[in-house]
Amino acid sequence: MFAATKTLILVKPFSPTLENVKLQLDQVKKQENINIFVVENKSEAARFIKAFSPILLVFSSAKQALIFLQSLHRNIKTTGSKSLLILPKKIPEKVIETAENFGLSQIITEPIPMKTISFKLNLLLNSMQVKNAATTPIKKQKVTTPLSTNETDNVLSGRHEKQNITSLVKESDIEPTTTTTTVLHQEKCEIENHGSFNYKQKEKAYREHADKVDQNWKRIDKTVDAIVQRIDKKKRVNAIKNKNNHNEDCIDYNNIYSEFSSLNAKYYKHEIPDGPDIAQSQEENNLLNHRRIIPPIPKGLNNIIFISYLYFLFKNEDHESEHNLRNTNIILSYLKKIIRDKFEGETIFYFYQKDQDTYLCLDDSNNKAPSNRDGDQQNKIIERWKEEKIPTWSDKHFNEMKIDFVYPVYEGIEKLGFIGVTFDWGFNPDEQMILEALLDTTRGLYIQKILKKIQSSNEKKAA
Amino acid sequence: MEATDYVTIDLNSLNNDTLLPFNLYLLNPASKITCLFLNAHCELDTDLKLYLNALLQKGAVLSIAKSQLQSYLDFTNIEKEIVLSSTAGNIHRLDEKRNKKSEQAIKSDQNFQHLFGEFSFGSALVEGAKNDDYSYLYQKAYNEIMQFSLHYSQTVSLAIYLSEQLMKTDNFINRVVATAYFLAKGMRVINQAELSDIIVASYLHHIGNTHFPLEINAMSQKDYDEKQIKEWKMHPKYALKFIDKLELNISPRCKSIIEFHHRKEDGLGFPDWEGDMHVDPFAEIVGLSSYLWEYAMGKIDGNRRSIKDAISDFKLKKTESNIDKEYCQPLKSFIYAIDLSEKFEKLTEIHTDDVYSKRKVGNGND
Chain Y
60 MFAATKTLIL
70 VKPFSPTLEN
80 VKLQLDQVKK
90 QENINIFVVE
100 NKSEAARFIK
110 AFSPILLVFS
120 SAKQALIFLQ
130 SLHRNIKTTG
140 SKSLLILPKK
150 IPEKVIETAE
160 NFGLSQIITE
170 PIPMKTISFK
180 LNLLLNSMQV
190 KNAATTPIKK
200 QKVTTPLSTN
210 ETDNVLSGRH
220 EKQNITSLVK
230 ESDIEPTTTT
240 TTVLHQEKCE
250 IENHGSFNYK
260 QKEKAYREHA
270 DKVDQNWKRI
280 DKTVDAIVQR
290 IDKKKRVNAI
300 KNKNNHNEDC
310 IDYNNIYSEF
320 SSLNAKYYKH
330 EIPDGPDIAQ
340 SQEENNLLNH
350 RRIIPPIPKG
360 LNNIIFISYL
370 YFLFKNEDHE
380 SEHNLRNTNI
390 ILSYLKKIIR
400 DKFEGETIFY
410 FYQKDQDTYL
420 CLDDSNNKAP
430 SNRDGDQQNK
440 IIERWKEEKI
450 PTWSDKHFNE
460 MKIDFVYPVY
470 EGIEKLGFIG
480 VTFDWGFNPD
490 EQMILEALLD
500 TTRGLYIQKI
510 LKKIQSSNEK
520 KAA
Chain B
24 MEATDYVTID
34 LNSLNNDTLL
44 PFNLYLLNPA
54 SKITCLFLNA
64 HCELDTDLKL
74 YLNALLQKGA
84 VLSIAKSQLQ
94 SYLDFTNIEK
104 EIVLSSTAGN
114 IHRLDEKRNK
124 KSEQAIKSDQ
134 NFQHLFGEFS
144 FGSALVEGAK
154 NDDYSYLYQK
164 AYNEIMQFSL
174 HYSQTVSLAI
184 YLSEQLMKTD
194 NFINRVVATA
204 YFLAKGMRVI
214 NQAELSDIIV
224 ASYLHHIGNT
234 HFPLEINAMS
244 QKDYDEKQIK
254 EWKMHPKYAL
264 KFIDKLELNI
274 SPRCKSIIEF
284 HHRKEDGLGF
294 PDWEGDMHVD
304 PFAEIVGLSS
314 YLWEYAMGKI
324 DGNRRSIKDA
334 ISDFKLKKTE
344 SNIDKEYCQP
354 LKSFIYAIDL
364 SEKFEKLTEI
374 HTDDVYSKRK
384 VGNGND
């Protein structure tokens, strides 16, 4: 029998059967060497997985299981933990499918006798430990050579090593030796050092990474020979096939490699953090210029940052005080100016008022309709805008010159208003998202002006 | 043919296509010798690609002949100016502009040195606190950022662009960016890519506040309800929403800084703790600098004060808020771990002098 303890985590809320299970487990806890914990948060469960892996998670509600597994499925997979769902009712198959995709190992639906539940629990617990015993000797080797993992997933490899150490410590319960205690001590020290950050640690990590790159390079040196041989073989076969193409230059790939083997290692070592340092020599700067220029693509970010700064200028007063009203007007007129400069469009902000079923425009010019359209068209456009529920363009293919765009603002089901933009000279469809992001910055104003009113009136009605 | 007859290109611009209408050459930057790597219309299979990657990692430069430039432009739909910017003789207009700006920056740096002596972060904060004017701080950061290179990644060029556009006035955002920049430099981070990760993240980490009503923006955090706290905690997610919507090509590290700038190494803070994930120290830097200025502005407990007083409060554990109750403790150890700690200590010494305590009433309380 295994002397090591098994850990079992029960997740709240409990169904009546799960409570029964818990009562029965409490009686047999000491004989079977089982640790039982009751958990409500997923963060707590994450810590348990870290400390006692592998574990068995038991749920009795499908919703809770989905929430837990969505955030913890990676940890569960890597530690070899398992999960069980005991359902009091039947639920749609779609939910079960999604849960299985996240790594739920078994589902039991009631009514079901107590014996089968206990049997399945035993089976799951035993299967976990058998796996663990079989894989540990391989893991031991991994710990001794930590740099043998792939070059790309250096972060992942760090995770695996940590978990391996914990699994080693678990085994030590069977045969306690002196080495395992030192491992435990090291792990503790690591955790303590993480609390206060040192630059030395960072430097160390850099150095390790650089060494890794060196090792990779040595490996590449070995594999290059094999690759070159393969390429040469293919070339010979092709040359025999196309006898007519004798004029073509024959490329000697071995020769190319020897030409570049003289290059210094510092060129590629610089690419570890992928960027140059602040103060460099001119030679390195010249080397840099072999890369092509990357022009910045801000997509209106600087305007969005400036608007977010304007939001900081609100004072802690009533939202219709003089200062705050002026600030809202500044934000709206600034947005109008940007859209006029960038896209040559005219914008109007409509705020919906639920009591009177009308729309209010906050403007210095008091325009209630787009001024660059004729009188008949104005009413048509506005009526079309009122009915839309998602952002839409009047012409989907962007062929027409006179085109308009609506951006309705919703919070849940409540309608807060909409923003209309009219263009005279067409619109570039690639810039669609930039316009939407710019208009999205007014959401705070809409929530303040409209949603708060609706909520307060609803509260009054309820009272 | 000489080395100037070739144009260097990027491997990513080929879009994983295997049949190319032009020859590929490799250039040795040290000896300036070129050699043919692949003929046109020959297959660039996986073996050859592995081999090419190995050579590029070593420092070789991928290039094409100038006579075949037009077919490359047709194949990839890249502007001619941008492609030619990588060759030795040509200078792109953006590079020309930036060279002028960096020359100006170096000149103004020399002027500053002549006036105020050598720059130190602590003394810049002290001098700024006298008149509540921190223009020296952000001006110095601006001068250094203008000397970055436009040839590296989208994040670096974005950092240059944003600071060029926005670092003009002395406001809350520029102060946060400048302090984050100098804190990182105090940690001896000198890589341009890493520094620009911090710059872009400190510009973007609070744009989620455009989705909040006026109360949350204007009230101090001390007076928040539970509902308002819940809403306020969404702001990193809103910022990421903007980035996803605009499909910005910024580095994944920059995104993680924005998402986790309110989380600590020992599991405190938000968003939720997800098992084993390691918290980036840069995220803590951005979190610290924005928290310092918010505390000085009175966003946290409602009292306005100068940055000097804020830092001394930080040391005496006076800062508290109902949201980040144990926020200050890990950050305090963080401050001491940085090299700047001496300057911060000097700052508190000055603070206790009589001269400054008399002036304290007028500082930052207007």
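Protein sequence lines correspond, in order, to chains Y and B.
Quick note: the first sequence uses this note's numbering, first residue 60, plus one each step.
Quick note: the second sequence uses this note's numbering, first residue 24, plus one each step.
Yeah, the Cβ is synthetic: ideal placement off N, Cα and C, and Gly gets one too.
Length of the line joining the Cα atoms of N113/B and Y95/B: About 18 Å.
For T208/Y, the three-state DSSP class (helix, strand or coil): Per-residue confidence for T208/Y stands at a pLDDT of 36, beneath the threshold of 50, marking its modelled position as unreliable; the derived number appears in the next sentence. Looking at T208/Y - three-state DSSP - the assignment turns out to be coil, as it is neither helix nor strand.
Y318/B versus E459/Y - alpha carbon distance: The straight-line gap from Cα to Cα measures roughly 52 Å.
Contacts that H64/B makes with chain Y (C-beta to C-beta distance below 7 Å): Within chain Y, no residue comes near H64/B; the closest Cβ sits about 11 Å away, beyond 7 Å.
Chain Y contact residues for S279/B, given Cβ-Cβ distances below 9 Å: Chain Y residues near S279/B: none, gap ~11 Å exceeds 9 Å.
Residue range of the unbroken beta strand (DSSP E) whose run includes I95/Y: Note, I95/Y: beta strand (DSSP E), 93 to 98.
C-alpha gap between R276/B and D303/B, whole angstroms: Looking at the backbone, the Cα of R276/B and that of D303/B are separated by about 9 Å.
Simplified DSSP assignment, three categories, for F171/B: If DSSP states are grouped into helix, strand and coil, F171/B belongs with coil.
Under the three-state DSSP convention, the category D400/Y falls into: It is helical.
Collapsed DSSP secondary structure at V200/B in the structure displayed: In this structure, V200/B counts as helix in the three-state DSSP scheme.
Test item: CB-CB of I230/B and Y204/B under 8 Å: In this structure, Y204/B does not lie closer than 8 Å to I230/B by Cβ.
Cutoff 8 Å: R502/Y Cβ touching any chain B Cβ: Chain B contact via Cβ: present.
Span separating the alpha-carbon of Y157/B from that of F139/B: Rounded to whole angstroms, Y157/B to F139/B spans 14 Å at the Cα level.
Burial state of H244/Y (16 or more Cβ within 10 Å): Annotation note: pLDDT 44 at H244/Y (below 50); position unreliable, coordinate value reported separately. That one is exposed.
Strand pairing of D463/Y, partner residues [DSSP]: Secondary-structure assignment with DSSP links D463/Y through a beta bridge to T481/Y.
Residues bridged to W255/B [DSSP beta-bridge criterion]: BP columns for W255/B are empty, so no partner.
Contact list for the stretch 180 to 213 of chain B against chain Y, Cβ threshold 8 Å: Residues of the stretch 180 to 213 of chain B with a C-beta less than 8 Å from any C-beta of chain Y: S180, L181, I183, Y184, L185, Q188, L189, N194, F195, I196, M210, R211, I213, listed in chain order.
Rounded straight-line distance, which links the Cα of S36/B to that of I323/B: Their backbone Cα atoms lie some 48 Å apart in a straight line.
Pair within 8 Å by beta-carbon distance, F457/Y and P467/Y: No, these two residues do not count as a Cβ contact at 8 Å.
Buried versus exposed call for A262/B [16 or more other C-beta atoms within 10 Å across all chains shown]: Burial call: buried.
Residues near A193/Y by beta carbon distance below 8 Å, same chain, minus five either side: In this prediction, A193/Y has a pLDDT of 39, which is less than 50 and means its spatial position is unreliable; nothing more can be read from the coordinates.
Contacts that Y370/Y makes with chain B (C-beta to C-beta distance below 8 Å): Close partners of Y370/Y in chain B (Cβ separation under 8 Å): N232, T233, F235, N240.
Under 8 Å between C-beta atoms of D118/B and L181/B: In this structure, L181/B does not lie closer than 8 Å to D118/B by Cβ.
Interface residues of chain B facing F507/Y [CB-CB closer than 7 Å]: The question names Phe, but residue 507/Y is Gln in the sequence shown. By Cβ distance, chain B contributes P236, L237.
Alpha carbon of P44/B to alpha carbon of E66/B, nearest angstrom: Taking the straight line joining both Cα atoms gives about 11 Å.
Identity of the residue in P294/B, N326/B, S274/B nearest F283/B by Cα: It is P294/B.
C-alpha distance - V117/Y paired with I166/Y, whole-angstrom precision: The alpha-carbon atoms of V117/Y and I166/Y are separated by roughly 10 Å.
Burial state of I449/Y, where buried means 16 or more other Cβ atoms lie within 10 Å: Exposed is the label assigned to I449/Y, since fewer than 16 other Cβ atoms lie within 10 Å of its Cβ.
Between the CA atoms of K89/Y and F305/B - distance to the nearest angstrom: Between F305/B and K89/Y, the alpha-carbon positions lie close to 47 Å from each other.
Local conformation of K448/Y per DSSP, three classes: Of the three classes helix, strand and coil, the one that applies to K448/Y here is coil, per DSSP.
Cβ-Cβ distance between N361/Y and F373/Y below 8 Å: Not closer than 8 Å, so no.
Neighbourhood of H234/B by C-beta distance below 7 Å, restricted to the same chain and skipping five residues each side: The answer, listed in chain order, is Y261.
Chain Y within 8 Å of F21/B, Cβ atoms only: The question about residue 21/B has no answer, for chain B in this structure spans 24 to 389.
C-beta neighbour in chain B for E470/Y, strict 8 Å: E470/Y does not count as touching chain B.
Three-pair Cβ contact test at 8 Å for the stretch 190 to 202 of chain B versus the stretch 237 to 249 of chain B: The stretch 190 to 202 of chain B is not in contact with the stretch 237 to 249 of chain B.
Reduced DSSP category for Y57/B - H, G, I as helix; E, B as strand; rest coil: Sequence inspection shows Thr at residue 57/B; the Tyr mentioned does not correspond to that position. Here T57/B sits in strand by DSSP.
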